[in-house]
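Peer 1: Got a structure here, written out as structure tokens. Questions coming.
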Amino acid sequence: MDDLTKTAVLPQLKTKWIGRPYAYIETITSTNDLLKQRAAKASDAEQLHGAVVVTDYQSQGRGRLGRRWQALPGTALLLSLLLRPDWPAAQSLWLTMIAGLAAAEAIEALTVVPISLKWPNDVGIDIDGIWHKVGGVLVEGSVGANGRLQSAVVGMGLNVNMTAAQLPAGITPVTSLLVAGGEMVDRQALLLAFLARMEHWYETAVVGKSPVAAWQKRLITIGREVQVSQGDEVLGGTAVGVDQWGQLRLQTADSTIHTITAGDVTLRA
Ligand code: BTN
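Heads up: take any position in the sequence shown, counting from 1, add 48, and you land on this note's numbering.
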């Protein structure tokens, strides 16, 4: 139980291609960094489609917008997955969506914790209208001269068995599945469920079926008053929906609809 090593995980893995190859490295700088380096070596990049790297501890874990991602050894699910989608670059956010959906479904299959998503990449729980982050997705892609996404590393970090005292301090409230659900969660079972749901959603997307509707249903952001920070600029308004690529549609007080591609979203009470 809770064993993430290759010998423990591979016999239980039900996927066709995600997690093949699978690597467990007890301590690493960042699983995203390792897979990015490997993908950059053109010789084996083809075979790496679906490769997964899992760790128990990252010394230089990274989040979006250059933030640090920290977790004490053995308390989180930390992994990266290499995909070679060959999608238009504008469709990159689909990878964040399917990873968020896969994480939500895997968590809900194993716990009593109802999961929401916050645009663009947060996984968490709404507790009395206050967003509590449980995890996040970090997609780092490389776009070819043809404008298509050649390869992408999808990093997922979930706060699983951290006690309240072990939770990292953040700008938004954070929690863990243990704190929110009151029970320890088997990280191996969570990993297996996540990879299975990820394969499902990716295969659905590859045949052209958009994950946007399922994603939007879980997005706590929609219908809320939000503030979007983009560098020094802050835009306030109502999040009215997302477009086909997953960009946020924000309506400001003058009724203008703004399309937001990237940024930090704060939900107003
Ligand atoms: C975020 O919420 O900003 C995204 C966090 C993503 C963290 C994961 S942990 C595994 C992978 N390796 C990293 O360095 N980051 C991602």
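Every residue, glycine too, gets a C-beta built ideally from N, C-alpha and C.
Predicted model, so just to flag it, every value in this text is computed and none were measured.
For ARG116, count neighbouring C-beta atoms within 10 Å of its own C-beta (all shown protein chains included) and say buried if the count is 16 or more, exposed if not.
Peer 2: exposed
Peer 1: How should ALA317 be labelled, buried or exposed, when 16 other C-beta atoms within 10 angstroms of its C-beta is the threshold for buried?
Peer 2: exposed
Peer 1: Considering only residues of the same chain and omitting the five flanking positions on each side of MET323, which have a CB-CB separation below 6 Å?
Peer 2: Because the chain here runs from 49 to 317, residue 323 falls outside it and cannot be looked at.
Peer 1: What three-state label does DSSP hand ILE270 in the structure shown?
Peer 2: coil
Peer 1: Relative to the alpha-carbon of THR55, which residue among GLY294, GLU156, GLN236 and MET204 has its alpha-carbon at the smallest distance?
Peer 2: Nearest C-alpha to THR55: GLN236.
Peer 1: In chain order, what residues of the same chain have a beta carbon less than 6 Å from the beta carbon of TYR105, not counting five sequence neighbours either side?
Peer 2: THR75 and PRO121
Peer 1: Mind checking ALA88: buried by the 16 CB within 10 Å criterion, or exposed?
Peer 2: The residue is exposed, with fewer than 16 neighbouring Cβ atoms inside 10 Å.
Peer 1: Keeping to the same chain, check which residues put their C-beta closer than 8 Å to that of LEU158; ignore five residues upstream and five downstream.
Peer 2: VAL233, ASP234, ALA237, LEU238 and ALA241
Peer 1: Beta strand (DSSP E) containing ASP302: first to last residue?
Peer 2: That residue, ASP302, is in no beta strand (DSSP E); it is neither H nor E in DSSP.
Peer 1: Which residues in the same chain as GLU156 place their Cβ atom closer than 8 Å to its Cβ, once the five residues preceding and following it in sequence are excluded?
Peer 2: PRO162 and ILE163
Peer 1: Let's see if you can read the secondary structure: which residues bound the beta strand (DSSP E) around HIS180?
Peer 2: 178 to 191
Peer 1: Given a cut-off of 7 Å, decide if LEU143 and ALA200 are closer than it, judged by their beta-carbon atoms.
Peer 2: Yes; because the gap between Cβ atoms is below 7 Å, this pair is in contact.
Peer 1: Within 10 Å of its beta-carbon, does LEU243 have 16 or more other beta-carbons around it, so buried, or fewer, so exposed?
Peer 2: buried
Peer 1: How big is the Cα-Cα spacing for GLN299 and MET49?
Peer 2: 48 Å
Peer 1: Helix, strand or coil: which one does DSSP assign to ASP234?
Peer 2: coil
Peer 1: Nearest by alpha-carbon distance to GLY52: which of LEU125, GLN95, LEU83 and ARG110 is it?
Peer 2: Looking at the sequence itself, residue 52 is Leu, so the reference to Gly does not match. Comparing Cα positions, the closest option is LEU125.
Peer 1: Under 6 Å from any heavy atom of the ligand BTN, does the C-beta of SER224 make it?
Peer 2: no
Peer 1: Starting from the C-beta of HIS97, find all residues in its chain whose C-beta is less than 6 Å away, skip the five residues before and the five after it, and write them out in chain order.
Peer 2: ARG132
Peer 1: Helix, strand or coil for ASP81 per DSSP?
Peer 2: helix
Peer 1: Given 6 Å as the limit, tell me if LEU165 has its C-beta closer than that to any heavy atom belonging to the ligand BTN.
Peer 2: no
Peer 1: How about the segment 287 to 295 and the segment 176 to 186: do they share at least three Cβ pairs that are nearer than 8 Å?
Peer 2: no
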